[in-house]
Structure formats: structure tokens, C-alpha cells
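Protein chains in written order, with the numbering used here: chain A, 1 to 348; chain B, 1001 to 1348.
Idealized CB from N, CA, C, for every residue including glycine.
2 protein chains.
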Amino acid sequence: MVERGGSGVPGGRRKQRVSMADVAKLAGVSSQTVSRVSNGHAGVISSTREQVLAAMRELGYRPNSAARALRYGRFNTIGVILFSLSSTGNSRTVEAIATQAAAEGYAITLIPIDVPTQDNVLGAFTRMGELAVDAVIVIMEIHLLDTGTVQLPPGVHVVVVDSDAGDRYSVVDTDQADGARRAVRHLLDLGHRTVWHVTGPETSFAGQRRTQAWRAVLEEAGCPVPPPLHGDWSSESGYAAGQELARLPDCTAVFASNDQMALGLLRAFHELGVRVPEDVSVVGFDDIPDAAFFVPPLTTVHQDFAEVGRRCVKGALDQIRARGGARPGTDLVPTSLVVRRSTAPPRG
Amino acid sequence: MVERGGSGVPGGRRKQRVSMADVAKLAGVSSQTVSRVSNGHAGVISSTREQVLAAMRELGYRPNSAARALRYGRFNTIGVILFSLSSTGNSRTVEAIATQAAAEGYAITLIPIDVPTQDNVLGAFTRMGELAVDAVIVIMEIHLLDTGTVQLPPGVHVVVVDSDAGDRYSVVDTDQADGARRAVRHLLDLGHRTVWHVTGPETSFAGQRRTQAWRAVLEEAGCPVPPPLHGDWSSESGYAAGQELARLPDCTAVFASNDQMALGLLRAFHELGVRVPEDVSVVGFDDIPDAAFFVPPLTTVHQDFAEVGRRCVKGALDQIRARGGARPGTDLVPTSLVVRRSTAPPRG
DNA sequence: GCTCCGCATGTTTACGTAAACATCTGGTTC
DNA sequence: GAACCAGATGTTTACGTAAACATGCGGAGC
């Protein structure tokens, strides 16, 4: 373990990290040759290449990505700004984004915003501008972008998920209205006279869209539009809504704006002796993996989060490659209805 | 829109990005002064500062983080390697990591591995070495690190979650054994003669630990140890296990290795007319948000994912700051038992 | 045998930032 | 009033990489 002077190889603390120059010295070549080997360029004779590779191994050389990024002007990284990973939708979208990005040779940097105050959002956007990121995907449950009060820094490539800002940014989203229409129509087709509704939080763009579509379908069909019950995505709020709905004898069908609230509904109905689907039919939204194992298995609207993630990355890469500014426009991913056992024709 | 020669400000495509030199030129100062302003250093007279700030605004200057990282030798970024975000535990841990890291001025880079083959894992680790990352947190459900077949590159600061590699790496984890003990003891304390068990996948370190602890508690208490039923974390596998268990008249208590499998159990029992908790008590593990809204609300072991995330970041930052190698050791986060309505004393 | 060509390798330079050092100004002290 | 000092600003340099250009060597063609 004794180390004697000279240019001694690591072990000691001569240097924090091995650079090309170190490898070059050990291999007895120039650092440019090391660069060529490192990048797999042609034009290096095999004996030299072997020597360099051996030196790399011995020193444990790994390229410095900061220097590379500085050189190339690109980081091969996409930033993802979001409020929360705890919702199923967000985490699955992020996962799909990460997977797709990895396939394209890009990494993902997460920029979480714990409390969505305007200051925090602005702060995150500012920091983001300084981050090692070639483009940004914004997953915004809350429509701050839409109002124009929050602006993304110019010159940053941006794709927005779940927002109304299609006129100014490139937007990718599940086709919320389409999904809600499928849910409501399914219930009407079964013969229900109308469909009650548990909303998502008012701040949610997706929730608003679903509620709008619910109302539109009922109006189109000439059905009465019952007052919506307000939820906040949580099972708990669904449970509360269920306790109210259980008291209404003419409520035979409910469309919950997500599966978790539907779960709350199911529990409230179960506790109060309201049978699903015999007395009341329930439809959710999202198709979370557990939905098939609720009691009873939940009929719900399937969202293709993976596809949303893929299109986000594609949009971001298109912008990076085209080097153009953001090309506004909205890219909607279709949904499908998964019919399970929580829906049936009304009695009588 | 006509642009005439000279150093014309953006709009055209003279330059991809604004640098300090551009700002310096416009403000009529040296780039070093711009640097001082940018970093909030003292020793810049306020009139000069104003001039520089104005120039920054006009040009939309944003510091180049690659250059900064190259200069400082740090990226202010922590990498997170994981297999999947879809499990509640992982996504909540990641969220906690991201939040804590943000509070410390660090960003998070996700490195997903879709299929956990050894090649892919090795590839990810190799790529990681080249990534713009100061430390890495590995969230490994599968114990590849433990076997020694997969090695992390030396010289990288690493914190491992959910693994047995405490002798070689710095490990942070929920105290799985402690949680499982609480669950089983709770059931025994209620008067059950023994406790059946639905395991997680064999590849999961956490699952193994829970199963070991389950067996140990039964043996300590002198209870018979029924054969465990094998699950894979999914509601579906829990459902299958439930169908078997429902046929066993002497099964009065079940400990499922996670909440989703417990959900499957509940559904199977419900369908087959086995009442919970009157006929059979069920305990889960994780305390996912929905657990309180299962039918009946699930007694389960609460994991403090947020604390795990915090300790991971702390461990990573300690290593970065100390510049020492990985300091092996295991940091266990305690659990707590949340008693709800799925458990009760046995009948008779 | 000399020139020319092509290939392997070396040298120079720029990417954007910021520490370290250098300079310049105006005011203060004896 | 000369020397000095402090504070504001400018200049040089290095971080690690890789493109662009330069060199040098051996073989083919005449």
C-alpha cells in the first residue's frame, strides 16, 4: 500500500477524477487519440486502441459529461416539472417518459414543486432555465399556464401535459372529454335515466374537462343534469360523496372523475347497504391496476399513460432537433372504456 | 424583421445561446463583472450592477450549467436508478427524494431500467458513470447487488435502498422485519392460533425479509407455521391466494406482504362469503392511501417513505461533502402498525 | 529513386464559467 | 504632497472534451 512519488495512479488523492489526459499519459498517446477511442471513431490502429482501452480500465476512466455537454451544447437530458408523483397518472406518465427518453439516449431530470404557489412555480421555471436540460416537459394539474400569469422562459423547448395552453405551447394530453363521454354514454346506453357525477378538484384542468363532457352528453341526450358532487381525487372525498348519494333513491348511476373516488363510493355504498351494480352503477376514470380488484371490479375509462409519455418525449425531441421555437398545438391520446362488473342496467 | 450585420441581438440565428461575453459586451463591462453579478458577489457598484442586470434581461441570459459544472466539478444532481415507478413505494420514495434534494439545491436524474436483466443493469451503471451526477441512489427491488454479480463503478457515491448490501454500500431501508413482526404479533395478540402468509416475489429482498420475520415470530411464539402462499405483489396474486385460503376452515388470520395483495384477498373472501374480520382477519403492508377505503378498511403496516427518501438524500450529500468513498452501513427507518377494521379476535 | 497520397497520430483551439491575480482609481493619512 | 490603501473592475488561466487543422510516415506509381 506504499505509494511512491511520481505521477502515481489513484489510491492516494492526487486527483478527484481521471481525465483523458491521465489516460493519454499512461497509454503513451495524445489525449485526442483517447478521445477517438472513447467515441469509437475509426482511424485508430488496433494495437493503439488496445493500449488506450487498457489504460482506461486501469485508471477507471469515465468521460466527464459536463465537458461533453459544454462542447456539444447539449445535455441529452429532458427536465420534467411536476407537482406530485403520488397520483397514479403522474407517476405512470413520468415512468413512460423516462423509459422512452432512455430509449432515445436521454435522461430525465425531475423538478418537483411541493407547494404550487405562483412563486414556487416561477422559481422552478427560473431554476430550470439554468438546469442541465435540453427541453422541458411540464405536467401541470393546475392551470397556471393557461391564465398567462405564469410564463415559461423563452427559448426553452417545452411540452405541456394536461393543460389548456395549446395555443401557445405544444400540448400532449389524454382526450379527457372523449373518455368522459364514453363513460356517460355507457351508462345511458344501459338504460339509466341520468348519471350523477363526482368531480375532481376545480383547479384541475383534466377534472374540468371530464365534468364538462359529462354535462354535455346529458344535455345532448335530453337527460336531467343533477348537481355534481365535488371531490378532490381522494378516496375520502369519494366516500363522502357516496354517503350523500346513497340517500337519493333516484340515483341509479354515478360517474366518478377518477378511480380512487370511485373506490370511496363503493365503500360508502357497501356500508350503507346500497348494492353495486344492482342498485347503483359506478364508473371511474383512469383504470388504475387495482380497479379490477375492487369489490365489485370497476368499470372505468382506461388512460394510456404510456402513450402520453411517448408522445411527450417525441414532441420534445422534435423541438430539440428542429431547433425551432415551441410549435403550439394539441395532441390528444384516445381512451377506451373497460367494462367490468360495477355497471348494469337499472332495476325495474 | 430585417436584420442588419453587426453583432445583432438574437431573433436571427447568430448564436444558439447567450453567454456572459454577450452580456458583457452589451453592458460595456468585462465578463468577470457579469459573473460577479450573476453570482451575487459583493464588490460591484450598484450602477454597474444595474447595467449588467438590464443587459441580462434584454438578452435573456441564463447561465450555462455545463460550464458551471465543468468549472466546479459538481453537477448538483443526484441520479436515481430504479426498475419501476409503478409501485406506490417506489414512486413515493422517489418523490420524497426529489423534494428533499430540491430543498438542498440538488436536482434528480431518473435512470429507469425497464427489464432488469443483468446486461441492462450493468449498462445503466455504466451509463450512469458518464452521467451528470454527483451521487447515485439505487432503488433495487431485486437483490442483484447482494450477490456480487453486479458491481457499481468504483469512485461513485452510492446509497442503496431496499437491499442487503450493507456491508459494501451505504444502505437505507424501511425496517421490514420490524414491520412484519408488528403485523404478526398484532394478530397473535388478538388471540389467533397462528397466522397465514402471502409472500411477495422471491426476487424481492423486502419480501424475503417480511416472510422471514413472519416465520420467526410464529416460531418464537410456538405457533404452527403454515405453508406460505406465493404472491408477486399484484392484487391478482392476492386474489388467487384468497381463493385457496377461503377453503381452509382453520385459517382465521392472514398477513399479506403488501396492501395490493391484501386487496385481492379481500375481494376473494367477499366473493366466497368469507367475512372480514369476523371469519378471517387480514393485515397488509405499506399503508397505501387507498387502504383506509378498502372494504373493510385495512389494518396494515405503515411505511414512512418520506423519511426513507430524506435519509437517502442525506446519505448521498454526506458522501459528496466528505468526498470519502462509500461508507457501508445500514440505516433502518421504523414502521408503525395502523389498526383499522380488517382485524378482530377469532370467533369462539 | 522521387513524388504524391492516404492513413495514423499529434497540436491547437473553443465551448462558458469563475478563481486568482493584475490594474486602476480616488481618497486618506502622516 | 507622497505613499499607501481599499474597493471596483479587467485579464489570465484552467476545467475536460472533441472538432479542425497539422504533421509525419510508409507505400504506390512513374
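Contact belief for residue 1133 of chain B with residue 1331 of chain B at Cβ below 8 Å, rounded distance in angstroms: Position 133 of the second sequence, counting from 1, holds the residue named residue 1133 of chain B. Position 331 of the second sequence, counting from 1, holds the residue named residue 1331 of chain B. The Cβ separation is near 21 Å, so there is no contact.
Three-pair Cβ contact test at 8 Å for the stretch 251-265 of chain A versus the stretch 282-291 of chain A: yes
Residues of the stretch 1094-1119 of chain B with Cβ closer than 8 Å to any Cβ of chain A, in chain order: 1094, 1095, 1098, 1099, 1102, 1107, 1108, 1109, 1110, 1111, 1112 and 1114
Neighbouring residues, chain B, relative to residue 267 of chain A (Cβ below 7 Å): The residue given as residue 267 of chain A occupies position 267 in the first sequence. Chain B residues near residue 267 of chain A: 1293 and 1295.
Three-state secondary structure (DSSP) of residue 1010 of chain B: Reading the second sequence from its first residue, position 10 is the one you call residue 1010 of chain B. Because the pLDDT of residue 1010 of chain B is 34, which lies under 50, any placement of that residue in the model is unreliable, and the number read from its coordinates should be weighed accordingly. Residue 1010 of chain B: coil per DSSP, three-state reduction.
Closer than 8 Å to chain B by CB, residue 349 of chain A: An answer regarding residue 349 of chain A cannot be provided, because it is not within the stretch 1 to 348 covered by chain A.
Endpoints, beta strand (DSSP E) assigned at residue 1252 of chain B: In the second sequence, residue 1252 of chain B corresponds to position 252, counting from 1. First-last for residue 1252 of chain B: undefined, no H or E at that position.
Local conformation of residue 357 of chain A per DSSP, three classes: No information on residue 357 of chain A is available, as it lies outside the stretch 1 to 348 that chain A covers here.
Nearest-angstrom beta carbon gap, residue 1211 of chain B and residue 1203 of chain B [assumed within contact, 8 Å]: Here residue 1203 of chain B refers to the residue found at position 203 of the second sequence. Here residue 1211 of chain B refers to the residue found at position 211 of the second sequence. Not quite, the Cβ-Cβ distance comes to about 13 Å (not below 8 Å), so this is no contact.
Interface flag, residue 1344 of chain B vs chain A, CB-CB below 8 Å: In the second sequence, counting from the first residue as 1, residue 1344 of chain B sits at position 344. Not one chain A Cβ lies under 8 Å of residue 1344 of chain B.
Cβ of residue 319 of chain A within 8 Å of any chain B Cβ: On the first sequence, residue 319 of chain A is found 319 positions in, with the first residue counted as 1. Chain B contact via Cβ: absent.
Whole-angstrom distance between residue 196 of chain A and residue 255 of chain A, CA atom to CA atom: By 1-based counting over the first sequence, the position of residue 255 of chain A is 255. By 1-based counting over the first sequence, the position of residue 196 of chain A is 196. Near 6 Å, if we compare the C-alpha coordinates of residue 196 of chain A and residue 255 of chain A.
Residue-level contact to chain B via CB, residue 162 of chain A, 8 Å cutoff: Here residue 162 of chain A refers to the residue found at position 162 when the first sequence is read from its first residue. Chain B contact via Cβ: absent.
Contiguous alpha helix (DSSP H) assignments of at least 4 residues, all confined to the stretch 1148-1209 of chain B: 1176-1189
Three-state class that DSSP yields for residue 331 of chain A in the structure shown: In the first sequence, residue 331 of chain A corresponds to position 331, counting from 1. DSSP places residue 331 of chain A in strand when its eight states are reduced to three.
Residue 97 of chain A - containing alpha helix (DSSP H), residue span: Taking the first sequence and counting its residues from 1, the one referred to as residue 97 of chain A is at position 97. It spans 88-103 - the alpha helix (DSSP H) in which residue 97 of chain A sits, taken as one unbroken run.
Per-residue burial, residue 236 of chain A [other beta carbons within 10 Å of its own, 16 or more giving buried]: Counted from its first residue, the first sequence places residue 236 of chain A at position 236. Residue 236 of chain A comes out buried.
Supposed close pair residue 1342 of chain B, residue 1274 of chain B - CB separation, criterion 8 Å: The count along the second sequence starts at 1 and reaches residue 1342 of chain B at position 342. The count along the second sequence starts at 1 and reaches residue 1274 of chain B at position 274. At roughly 12 Å, the Cβ-Cβ gap does not stay under 8 Å, so residue 1342 of chain B and residue 1274 of chain B are not in contact.
Residue 1320 of chain B (DSSP reduced to helix, strand or coil): Taking the first residue of the second sequence as 1, we reach residue 1320 of chain B at position 320. Helix, per DSSP.
One or two residues paired with residue 281 of chain A in a DSSP bridge: Sequence index remark: in the first sequence, residue 281 of chain A carries index 281 (1-based). BP columns for residue 281 of chain A point to A:253.
Pairwise C-alpha distance: residue 303 of chain A and residue 336 of chain A: Locating residue 336 of chain A in the first sequence gives position 336, where the first residue counts as 1. Locating residue 303 of chain A in the first sequence gives position 303, where the first residue counts as 1. Taking the straight line from one Cα to the other gives about 7 Å.
Under 8 Å between C-beta atoms of residue 1280 of chain B and residue 1097 of chain B: Here the question's residue 1280 of chain B lines up with position 280 in the second sequence. Here the question's residue 1097 of chain B lines up with position 97 in the second sequence. No, the Cβ-Cβ distance between residue 1280 of chain B and residue 1097 of chain B is not below 8 Å.
Cβ-based contacts, 8 Å cut-off: residues of the stretch 1242-1262 of chain B near chain A: 1260
Simplified DSSP state of residue 313 of chain A, which is helix, strand or coil: Taking the first sequence and counting its residues from 1, the one referred to as residue 313 of chain A is at position 313. Residue 313 of chain A: helix per DSSP, three-state reduction.
Within chain B, the residues that residue 264 of chain A reaches when beta carbons sit closer than 7 Å: In the first sequence, counting from the first residue as 1, residue 264 of chain A sits at position 264. Within 7 Å Cβ-Cβ: 1293.
Cα-Cα separation between residue 1059 of chain B and residue 1023 of chain B, rounded to whole angstroms: Here residue 1059 of chain B refers to the residue found at position 59 of the second sequence. Here residue 1023 of chain B refers to the residue found at position 23 of the second sequence. Using only the alpha carbons, I get a separation of about 7 Å.
Contact list for residue 1290 of chain B against chain A, beta-carbon separation under 8 Å: The count along the second sequence starts at 1 and reaches residue 1290 of chain B at position 290. Within chain A, the residues near residue 1290 of chain B are 235, 260, 263 and 290.
Nearest-angstrom Cα separation, counted from residue 1246 of chain B out to residue 107 of chain A: Position 107 of the first sequence, counted from the first residue, corresponds to residue 107 of chain A. Position 246 of the second sequence, counted from the first residue, corresponds to residue 1246 of chain B. Looking at the two C-alpha atoms, the distance is approximately 47 Å.
Residue from B:1019, B:1243, B:1077 and B:1333 whose Cα sits closest to the Cα of residue 1099 of chain B: By 1-based counting over the second sequence, the position of residue 1099 of chain B is 99. Checking every option, the nearest Cα to that of residue 1099 of chain B belongs to B:1077.
Between the CA atoms of residue 315 of chain A and residue 138 of chain A - distance to the nearest angstrom: If you number the first sequence from 1, residue 138 of chain A lands on position 138. If you number the first sequence from 1, residue 315 of chain A lands on position 315. Rounded to the nearest angstrom, the two C-alpha atoms are 12 Å apart.
Cutoff 8 Å: residue 169 of chain A Cβ touching any chain B Cβ: The count along the first sequence starts at 1 and reaches residue 169 of chain A at position 169. Chain B, which has no Cβ nearer than 8 Å to the Cβ of residue 169 of chain A, makes this no.
Length of the line joining the Cα atoms of residue 243 of chain A and residue 272 of chain A: Start at 1 with the first residue of the first sequence, and residue 243 of chain A comes out as number 243. Start at 1 with the first residue of the first sequence, and residue 272 of chain A comes out as number 272. Rounded to whole angstroms, residue 243 of chain A to residue 272 of chain A spans 8 Å at the Cα level.
Residues near residue 43 of chain A by beta carbon distance below 6 Å, same chain, minus five either side: Taking the first residue of the first sequence as 1, we reach residue 43 of chain A at position 43. For residue 43 of chain A, where only same-chain residues beyond five positions count, there are no Cβ hits under 6 Å.
Which listed residue (B:1297, B:1318 and B:1306) has its alpha carbon closest to that of residue 1344 of chain B: In the second sequence, residue 1344 of chain B corresponds to position 344, counting from 1. The candidate whose alpha carbon is nearest that of residue 1344 of chain B is B:1297.
At least three beta-carbon pairs within less than 8 Å, the stretch 176-183 of chain A to the stretch 209-224 of chain A: yes
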